[in-house]
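Peer 1: Residue numbers (full-length UniProt numbering), protein chains in the order written: chain B, 1 to 970; chain V, 1 to 326; chain X, 1 to 243.
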Amino acid sequence: MSNPIHDPLSKALDEQSRIEVKNTTCYMCACRCGIRVTLRDGEVRYIQGNPDHPLNKGVICAKGSSGIMKQYSPARLTKPLLRKAGSDRGDNEFEEISWDKAFEIMEERLGGLRETDPKKFALFTGRDQMQALTGMFAKQFGTPNYAAHGGFCSVNMAAGMIYTIGGSFWEFGGPDLDRAKLFVMIGTAEDHHSNPLKMALSKFKRQGGKFISINPVRTGYSAIADEWIPIKPGTDGALFLALTNEIIKQGLYDRDFLVNYSNAAELVNMDRESSEYGMFVRFEVPPEEGCFDPQNKLWWDRELNKPISTHTPGADPYFLGEFKLDDGTPVKPSFQLLVDRVKDYTAEWASSITGIPEETIKRLAHEMGITARDEKIELPIPWTDTWGNEHESVTGNPVAFHAMRGLAAHSNGFQTIRAMSILMSILGTIDRPGGFRHKAPFPRPIPPCAKTPNDPRAVKPNTPLDGMPLGWPADPDDLFVNDDGSPVRIDKAFSWEYPLSVHGLMHNAITNAWRGDPYRIDTLLIFMANMAWNSAMNTSEVREMLNDKDEDGQYKIPFLIVADAFQSEMVAYADLVLPDTTYLERHDCMSMLDRPISEFDGPVDSVRIPVLPPTGECKPFQEVIIELGSRLKLPAFTNADGSRKFRDYPDFVVNYETAPGSGIGFLAGWRGKGGEKFMKGEPNPKQWEMYEKNNCVFQYELPKSYQYMRNWNQGYLEWSKRHALTRYVEPINIHIYSEVLQKFRLAAQGKSDGKQPPDHLRKRVETHFDPLPFYSQPLESQATDMRKFPLNAITQRPMAMYHSWDSQNAWLRQIHTYNYLYVNSKTASEAGIDDGGWMWIESMHGKVRCLCRYSEAVEPGTVWTWNAIGKGPGAWGLDPDANESKQGFLLNHVISEELPPSEDGEHLSNSDPITGQAGWYDVHVRIYPAEPGEPKVTSPQFDPVQPVPGQAMEKKRGRWLTYFAGRKKS
Amino acid sequence: MHPAFSVIFLTTLIGAGQGLFLALYTGQLYSVFKVLPVQDSAHFYALGSLLAVLLLLAGLLSSFFHLGHPERAWRSAACWRTSWLSREVIVLPAFTGAVAVYGLIHYLGWNPVLYTFRETFEIDLSLIIGAGASLLGFTLFLCTGMIYACIKQLQEWATPLTVVNYTLLGSASGFLLATAFAAWEGSELTDFFGGWAILMTVVAFITRTASLIRNARIKHKTSLETAIGIRHARIEQKAQGFMCGSFNTREYFHGAPQHIFSLIKWSFLVLVFPVPLVLVSVGLSTHALSLLIAAFLVQYSGLLLERWFFFAQSNHPQNLYYQTVG
Amino acid sequence: MSQLALVIDLNVCVGCHACVTSCKEWNTSGTAGYMADMNPFSKDPTGTFFNRVQTFEVGNFPNTETVHFPKSCLHCEDPPCVPVCPTGASYKRDEDGIVLVDYDKCIGCKYCSWACPYGVRELDEHQKVMKKCTLCVDRIYDESLPENERKPACVLACPTSARLFGDVNDPDSEAAQAIRERGGYQLMPEWGTRPANHYLPRRKTSITIHEDELIRADNPLYKERQLPMPDADDPTLDETTSW
Ligand SMILES: Nc1nc2c(c(=O)[nH]1)N[C@H]1C(S)=C(S)[C@@H](COP(=O)(O)OP(=O)(O)OC[C@H]3O[C@@H](n4cnc5c(=O)[nH]c(N)nc54)[C@H](O)[C@@H]3O)O[C@H]1N2
Ligand SMILES: Nc1nc2c(c(=O)[nH]1)N[C@H]1C(S)=C(S)[C@@H](COP(=O)(O)OP(=O)(O)OC[C@H]3O[C@@H](n4cnc5c(=O)[nH]c(N)nc54)[C@H](O)[C@@H]3O)O[C@H]1N2
Ligand code: SF4
Ligand code: SF4
Ligand code: SF4
Ligand code: SF4
Ligand code: SF4
Ligand SMILES: [Mo]
């Protein structure tokens with residue numbers, strides 16, 4: 001007989017085994033919680049949240065807890081693979097090769113491209129957070145064709161807010177739920193900041209705050225909202241504008257805040273004839289040039305009744321009205337323009353668009369305004385603003401907002417998010433207690449300083465790109481276009497089609513490269529993105545494009561390299577497969593140069609340190625980059641004598657500096673020879689060890705007086721300049737009115753010198769680059785016959801699955817094995833569809849057969865499903881008849897990456913015309929029952945693929961999985 | 001509940017075994033009191049007991065298929081103080097043993113008369129053993145019935161009718177078998193057994209119908225409101241938390257479509273009651289052995305359906321938690 | 001007598017399933033393991049879990065509440081699953097009220113699961129013994145763990161701290177206080193099982209606005225001349241009263 005079970009004191013098992021506990025950082029999703037991994041005899045036995053980690057403070061989510069099943073998944077790739085001669089892309093037929101061979105192939109191919117035309121090499125990375133490295137590699141290579149997932153993810157959120165308040169939700173800031181009294185969450189299902197948001201939500205609710213969720217669907221977080229406000233997708237802009245209208249009408253805005261910290265009172269030139277029309281009037285002194293808002297603008301002072309330099313002590317500007325300068329120029333405070341703008345955006349108007357009752361909209365506005373005004377927080381924290389005024393306290397208005405892809409993933413998202421940012425601003429809730437709070441390195445100037453090249457000549461053989469591959473255009477001259485105004489980049493980012501596409505447009509890269517518009521490329525390297533499935537819009541056709549050949553039998557995209565850790569749908573299309581390690585097997589940085597994990601009260605970055613050796617021949621992709629960079633002799637990876645500069649990635653991280661001697665590297669903690677400095681300092685050979693000792697995080701808590709009002713906080717800005725986060729100690733005033741947008745509009749109107757859009761895009765740019773937010777339907781809605789396709793179709797993130805990653809996970813896949821389309825019970829029954837029955841969902845672009853589930857928690861005009869549960873047959877180490885591929889479906893088949901082509905055959909991306917953000921949630925559909933005789937499987941179905949060589953298949957593919965770490969002999 | 005075949009066979013087989021033994025013993029008892037003619041010990045009682053023992057053993061064997069760890073079955077005798085299952089586990093072998101001894105005594109003729117009563121009625125050893133065995137037989141009915149009847153929240157079962165029905169249906173089938181057996185043996189007890197079989201089948205019909213009527217009218221104490229503690233007229237499950245089943249969905253849902261469910265109900269009502277009654281009546285009056293055998297076989301197969309239905313009809317409140325895949 | 005239990009706060013549970021997989025993870029490779037999975041990578045995967053999170057919709061659109069509802073063994077004070085077990089494999093510990101199964105005694109007859117009204121016992125189809133939530137008995141007394149980690153895996157994992165753990169019979173425990181103060185209730189009280197686990201109901205916060213809060217003296221619209229200031233010519237008390 002064995003030991004009595006459940007004898008808590010019997011550690012017999014553990015005593016016979018080798019137990020180790022190691023800290024690292026989770027990457028079952030991009031939230032990056034600290035984890036503690038317990039190993040028994042070298043096998044993972046338990047992964048728990050690290051209680052000493054600032055981000056998750058010990059909690060962990062469903063995915064994080066299932067990391068073991070990912071580590072030992074049968075989908076793992078373990079060998080470099082080359083597509084078998086004679087097989088087609090998509091067939092998934094490979095032969096094993098050595099890493100040497102793989103590097104040789106890449107070195108030869110990429111070396112050739114670099115010598116001739118570097119832009120023929122394109123590098124796109126998906127869910128990764130090492131853009132600091134991949135972006136640097138692309139720049140060093142000299143290609144402009146680099147982007148990460150932001151463009152198809154949530155760039156609208158980043159851009160809309162950063163171009164308005166100098167920071168944003170996503171990873172750069174968030175709601176201060178510790179102190180908020182009212183919390184409004186819009187279009188968020190799971191968020192990037194998953195665990196911290198959950199922690200904050202429950203704390204907020206327990207403290208008695210009111211939580212409102214605005215979302216067509218009530219699940220997840222919305223489930224625990226005190227009030228659920230169902231809204232029609234794509235209409236939030238209308239709601240925010242109406243709320244703004246009502247708040248202004250009732251005088252519930254924070255006037256003092258707006259006067260001092262925004263451009264609300266600044267005077268705008270209203271002379272239609274002037275080339276300065278719509279620009280702020282400025283007084284003569286030529287300001288210092290730099291990437292910040294020069295402080296030479298004017299208010300209209302009510303005492304003197306004349307213009308006066310902004311922030312003049314004692315001045316009290318008018319907010320409303322129209323005035324004339326001495327030279328006769330008519331001017332208006334930009335707040336007046338906002339009032340003019342929202343005048344017609346009444347609650348009644350918004351009600352008809354959003355489906356929210358008029359009274360509810362008004363009440364919402366009142367609740368926000370009154371809570372902001374009457375529940376004011378005052379913290380005894382003295383601070384000094386950039387105009388030299390000393391403040392005895394920090395005050396705040398406890399109304400917090402949070403929003404994500406429900407706003408972002410619409411093609412009207414940028415302006416919607418601007419509208420939201422303005423709403424947050426007029427309530428006076430920016431970087432103040434109880435409102436929105438920044439996270440380092442934000443706030444940054446509006447827009448931030450990094451720029452792409454603005455000239456095609458920046459791309460030169462054998463030369464690094466002259467500029468960043470991604471940046472923040474501040475005016476038309478910053479666009480990366482050819483002399484004729486056409487795009488330089490393969491994804492057409494930073495062109496007139498999507499001028500502020502600050503994260504690129506990865507979702508169009510394949511289609512563009514296939515079509516050769518704007519040109520053909522040679523080699524496409526895709527890292528950690530499942531572009532043949534989940535991150536492809538129009539998935540079926542994209543798969544065909546990947547496999548499409550010219551008349552001469554050459555692939556239209558000649559060479560495809562995929563760096564993945566698992567047998568994803570994408571892998572099947574690769575010519576060369578590079579097997580990556582898992583997060584438990586590699587070094588990684590969550591770097592200040594990229595997306596750190598900062599907290600409201602100061603910068604935080606973190607690392608991953610391997611807790612296990614690589615499986616099989618897996619090699620961290622970081623090492624691949626370092627090796628390739630060294631082989632290609634890219635300057636940053638090479639010593640002056642041409643020899644290799646960095647031994648490996650850990651060595652690189654320690655020793656790399658953004659510029660020689662800059663003291664800025666990937667990691668901010670323990671810099672300086674002995675680790676005595678932070679943010680900036682010489683390389684420290686013991687940096688990794690120091691991170692390891694400190695739970696793999698570096699956290700710096702700013703002095704209290706630097707923690708708030710950072711856009712205008714002299715102390716903070718100086719600190720941040722000293723520590724190389726920013727370049728200027730200049731106020732970052734909120735752009736209620738956006739001059740940046742007006743500059744593009746002026747160019748489109750032909751009123752400004754400098755770069756001009758091609759004629760066919762003038763109208764588009766003029767319309768969308770409105771300096772004040774406006775409401776328009778998403779582009780796809782405008783192009784859809786709504787009588788034919790009356791419903792909106794959207795997806796949501798399931799909390800227990802990360803994109804397409806987790807079907808390989810034996811535990812998680814039991815929670816979401818396949819997916820239903822959730823339809824309002826009434827809508828479904830009117831369409832003759834049964835609960836649990838088979839049905840079709842059809843858009844202009846395609847149709848999908850799927851299973852229906854009735855729901856009362858979804859707005860009647862919306863249908864939704866969990867994202868990326870459906871899988872290609874045979875992918876992910878699953879049997880071809882697994883439920884994921886037979887009953888599961890991918891909504892992407894009804895979504896298009898392009899708008900219907902115009903009459904002259906022009907193809908525009910189905911994206912926000914400002915930022916290039918993919919309009920995932922714009923699709924309109926109709927639904928109808930499947931015929932009784934139809935097969936009971938989802939449609940479309942694809943040919944099943946076989947496992948690839950090296951997949952740890954045989955071992956795991958049993959009928960039973962009886963996981964017991966350390967292989968207990970029972 | 002999901003009807004498990006092991007349990008269906010277990011309960012029907014031992015029911016018939018118990019009934020058969022009780023029939024034999026009743027026969028013997030009557031003959032002691034000279035109401036009925038004495039039967040040949042070795043042949044009639046021993047063979048009859050053997051038949052009963054075989055049924056009981058088959059039942060026991062079948063029960064092992066229900067266990068995850070049959071090799072540990074012996075452990076299940078441990079909790080007779082609280083568990084009806086444990087009690088059944090003790091009583092079933094005891095009863096089987098007693099019947100075997102009873103049969104053996106008859107077979108070996110090792111059956112001393114222990115006591116003569118009023119000089120005419122001879123109380124022999126087998127009669128004493130048989131009395132004990134009968135007691136065990138009835139206890140076994142009680143245990144089997146109580147296994148089900150004691151689970152409060154299975155309201156379809158939690159009624160004395162459950163014990164009554166187990167007893168009556170088991171006995172009826174046993175007596176029917178006894179009838180056929182007697183006819184086979186050419187015994188005079190055929191009509192006697194047949195009469196009892198008819199009587200018991202009729203009474204069982206009444207009690208079983210009573211339980212059907214009762215169950216159709218049950219007001220379940222548990223609703224989604226009490227299950228999750230939220231008071232509202234409209235509560236619907238949207239996700240049970242997993243998609244491809246679990247022990248809780250496999251064990252507690254019969255999974256049969258409604259029409260099969262009612263078909264089985266009507267089939268057992270026909271097969272257990274009227275058909276055997278007709279067969280046995282005609283069989284008795286025409287002395288047709290085959291009809292009597294048929295009567296037993298038909299009723300037994302009806303009982304298999306009856307038992308299926310017994311399980312399937314019972315709604316476990318846990319099912320409220322497992323309504324919807326999503 | 002002490003009775004350890006979980007108190008689950010439906011007011012904050014977002015249905016994230018962290019408690020589901022952290023439970024599986026801890027228990028499958030701990031003393032309660034393994035917890036087998038069948039068809040792990042093929043059609044119809046299914047396996048043993050001690051804890052499941054379910055979703056219910058209450059009411060009709062637009063007045064719908066979505067309720068996430070985690071459920072594991074409730075460690076009943078009067079557990080019907082225990083007396084019915086023929087082998088004594090199912091038992092309730094005197095010292096802390098935890099209901100456990102001794103896998104070495106269990107014959108896999110499933111009878112205890114019939115007796116449990118809550119559908120929280122699962123027969124491990126591979127090991128063929130009955131399993132269920134152990135309240136992480138092999139964690140909560142483990143003195144090699146720091147004190148604040150001697151809690152069930154699911155409790156430590158839960159990002160919303162919707163799972164409180166403690167002795168519900170100790171009036172001073174966090175769990176008992178929460179039950180007392182926030183209307184903690186039991187599931188299916190009608191069966192007299194007296195579940196030790198309790199649930200805390202939803203609570204709604206709302207904001208009341210009085211009309212006069214919309215018009216106030218410090219309204220910035222006065223400054224912008226958008227709201228009329230009282231006219232100087234209007235009669236005032238000055239003109240009508242003398243004292
Ligand atoms: N319909 C619809 N589609 C959507 C969305 C939606 O809401 N609705 N959301 C969009 C959004 S926001 C995003 S961000 C995208 C995400 O889409 P993708 O970026 O395609 O994300 P995944 O599906 O997770 O695929 C990432 C790939 O990374 C691989 N991978 C996982 N771990 C590792 C690792 O450690 N190393 C390497 N090298 N590879 C690894 C996986 O195997 C997988 O092939 O999806 C988009 N697609
Ligand atoms: N568990 C898990 N976590 C993840 C991910 C994952 O795959 N799994 N993915 C990560 C990634 S890459 C991202 S980008 C983030 C995204 O985080 P979220 O933005 O929270 O993710 P989505 O699921 O896209 O949520 C969109 C929400 O907006 C709602 N919605 C859709 N259209 C509208 C609209 O027009 N108006 C309003 N008000 N609401 C609308 C949808 O109903 C949904 O609830 O999550 C990250 N975190
Ligand atoms: S939220 Fe993401 S990073 Fe955090 S534990 Fe879960 S999977 Fe890991
Ligand atoms: S972990 Fe917590 S929030 Fe998540 S489902 Fe479980 S109880 Fe609910
Ligand atoms: S399955 Fe095991 S624990 Fe349950 S009643 Fe049977 S022997 Fe007892
Ligand atoms: S919940 Fe069920 S298994 Fe747990 S103690 Fe109560 S009756 Fe027993
Ligand atoms: S207490 Fe332990 S065993 Fe019970 S549900 Fe929580 S984690 Fe699982
Ligand atoms: Mo994303």
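We put the beta carbon where it would ideally sit given N, CA and C, even for glycine.
1) What does the Cβ neighbour count give for P443(B), buried or exposed, with the cut at 16 atoms within 10 Å?
2) State the start and end residues of the unbroken beta strand (DSSP E) segment that holds W99(B).
3) Please confirm if K238(V) has its CB atom under 8 Å from at least one CB of chain B.
4) Since L812(B) meets chain X, which of its residues come closer than 8 Å, beta carbon to beta carbon?
5) Sorted by chain position, which residues of the same chain lie with C-beta nearer than 8 Å to S829(B)'s C-beta, five sequence neighbours on each side aside?
6) Closer than 7 Å to a non-hydrogen atom of ligand 2 - does that hold for the CB of S807(B)?
7) Measuring only between beta-carbons, confirm whether A965(B) sits less than 8 Å from chain X.
8) Does DSSP classify H366(B) as helix, strand or coil?
9) Quick one: which unbroken beta strand (DSSP E) runs of 3-plus residues sit fully inside the stretch 741-806 of chain B? Chain order, please.
10) So which residues of chain X does L427(B) contact, with C-beta pairs closer than 9 Å?
11) List the residues of chain B that F242(V) touches, going by C-beta distances under 9 Å, in chain order.
12) Considering only residues of the stretch 318-346 of chain B, which uninterrupted beta strand (DSSP E) runs meet the minimum length of 3 residues and lie entirely inside it, listed in chain order?
13) For chain X, check one thing: does any of its Cβ atoms lie closer than 8 Å to the Cβ of N92(B)?
14) Apart from the five residues just before and just after A200(B), which ones in its own chain have a Cβ nearer than 6 Å to its Cβ?
15) With respect to the beta strand (DSSP E) encompassing I23(B), which residues constitute its N-terminal and C-terminal limits?
16) Give the straight-line distance between the Cα atoms of R76(B) and T226(V), rounded to the nearest whole angstrom.
17) Got a sec, what are the start and stop residues for the beta strand (DSSP E) C850(B) sits in?
18) How about A225(B): is its Cβ closer than 7 Å to a heavy atom in ligand 4?
19) In the DSSP assignment, find the unbroken alpha helix (DSSP H) run with S86(V) in it and report its ends.
20) For the stretch 668-699 of chain B, list the alpha helix (DSSP H) runs that are entirely contained and at least 4 residues long, ordered along the chain.
21) Mind checking if G326(V) is an interface residue toward chain B, Cβ cutoff 8 Å exclusive?
22) One question on the structure: do V53(X) and H75(X) come within less than 8 Å of each other, judged by their Cβ atoms?
23) Should G151(B) and M506(B) be called a contact, given that it needs their Cβ atoms to be closer than 8 Å?
24) What residues are listed by DSSP as bridge partners for Y199(X)?
25) Compare the beta carbon distance of I68(B) and I35(B) with 8 Å and say whether it is the shorter of the two.
26) Using a Cβ-Cβ cutoff of 9 Å, what residues of the stretch 155-174 of chain B are near chain X? List them in chain order.
27) Is D94(X) close to chain V, meaning its C-beta is less than 8 Å from at least one C-beta of that chain?
Peer 2: In brief:
1) For the purposes of this step, residue 443(B) is taken as residue 443 along the first sequence, with counting starting at 1. Burial call: buried.
2) Position 99 of the first sequence, counted from the start, is the residue given in the question as residue 99(B). Membership of W99(B) in any beta strand (DSSP E) is not indicated; the residue belongs instead to the alpha helix (DSSP H) covering 99-116.
3) Along the second sequence, read from residue 1 onward, the residue named residue 238(V) stands at position 238. Taking Cβ atoms only, chain B reaches closer than 8 Å to K238(V), which makes this a yes.
4) Stepping through the first sequence from its first residue, residue 812(B) is reached at position 812. In chain order: T21.
5) Counting from 1 along the first sequence, the entry for residue 829(B) is found at position 829. Sequence-distant Cβ neighbours of S829(B) in its own chain, meaning closer than 8 Å and more than five residues away, are Y854.
6) Start at 1 with the first residue of the first sequence, and residue 807(B) comes out as number 807. Distances from the CB of S807(B) to the heavy atoms of ligand 2 are all 7 Å or more.
7) Looking up residue 965(B) in the first sequence gives position 965. Yes, A965(B) lies at the interface with chain X (some Cβ there is under 8 Å from its Cβ).
8) By one-based count along the first sequence, residue 366(B) stands at place 366. When DSSP states are grouped into helix, strand and coil, H366(B) belongs to the helix group.
9) Those beta strand (DSSP E) runs which fall completely within the stretch 741-806 of chain B and span 3+ residues are 791-796.
10) Sequence index remark: in the first sequence, residue 427(B) carries index 427 (1-based). The premise fails here: L427(B) is roughly 13 Å from chain X at the closest Cβ pair, so nothing lies under 9 Å.
11) Counted from its first residue, the second sequence places residue 242(V) at position 242. By Cβ distance, chain B contributes Q814, I815, T817.
12) At a cut-off of 3 residues, the continuous stretches assigned as beta strand (DSSP E) that sit fully inside the stretch 318-346 of chain B are 330-333.
13) Along the first sequence, one-based indexing puts residue 92(B) at 92. By this cut-off, N92(B) is not an interface position.
14) As a working mapping, residue 200(B) is identified with position 200 in the first sequence. Same-chain partners within the cutoff: L177.
15) The residue you call residue 23(B) lines up with position 23 of the first sequence. Strictly speaking, residue 23(B) in this sequence is Asn, with Ile absent from that position. In the DSSP assignment, N23(B) falls within the unbroken beta strand (DSSP E) covering 19-25.
16) Position 76 of the first sequence, counted from the first residue, corresponds to residue 76(B). Position 226 of the second sequence, counted from the first residue, corresponds to residue 226(V). Using only the alpha carbons, I get a separation of about 46 Å.
17) Position 850 of the first sequence, counted from the first residue, corresponds to residue 850(B). Following the DSSP letters along the chain, one finds C850(B) inside the beta strand (DSSP E) bounded by residues 847-855.
18) On the first sequence, residue 225(B) is found 225 positions in, with the first residue counted as 1. Annotation for A225(B) indicates a beta carbon at 7 Å or more from all heavy atoms of ligand 4.
19) Locating residue 86(V) in the second sequence gives position 86, where the first residue counts as 1. DSSP places S86(V) inside the alpha helix (DSSP H), whose first and last residues are 84-108.
20) Fully enclosed alpha helix (DSSP H) runs of 4 or longer: 687-693.
21) In the second sequence, residue 326(V) corresponds to position 326, counting from 1. Output row for G326(V): interface = yes.
22) As a working mapping, residue 53(X) is identified with position 53 in the third sequence. As a working mapping, residue 75(X) is identified with position 75 in the third sequence. Between V53(X) and H75(X), the C-beta spacing is not below 8 Å.
23) By 1-based counting over the first sequence, the position of residue 151(B) is 151. By 1-based counting over the first sequence, the position of residue 506(B) is 506. With a cutoff of 8 Å on beta-carbon distance, G151(B) and M506(B) are scored as near each other.
24) In the third sequence, the residue the question calls residue 199(X) occupies position 199. Answer is I8(X), Y185(X).
25) Here residue 68(B) refers to the residue found at position 68 of the first sequence. Here residue 35(B) refers to the residue found at position 35 of the first sequence. At the C-beta level, I68(B) and I35(B) stay beyond 8 Å of one another.
26) Of all residues in the stretch 155-174 of chain B, none has a Cβ within less than 9 Å of some Cβ in chain X.
27) One-based indexing of the third sequence puts residue 94(X) at position 94. It does not; no Cβ of chain V falls within 8 Å.
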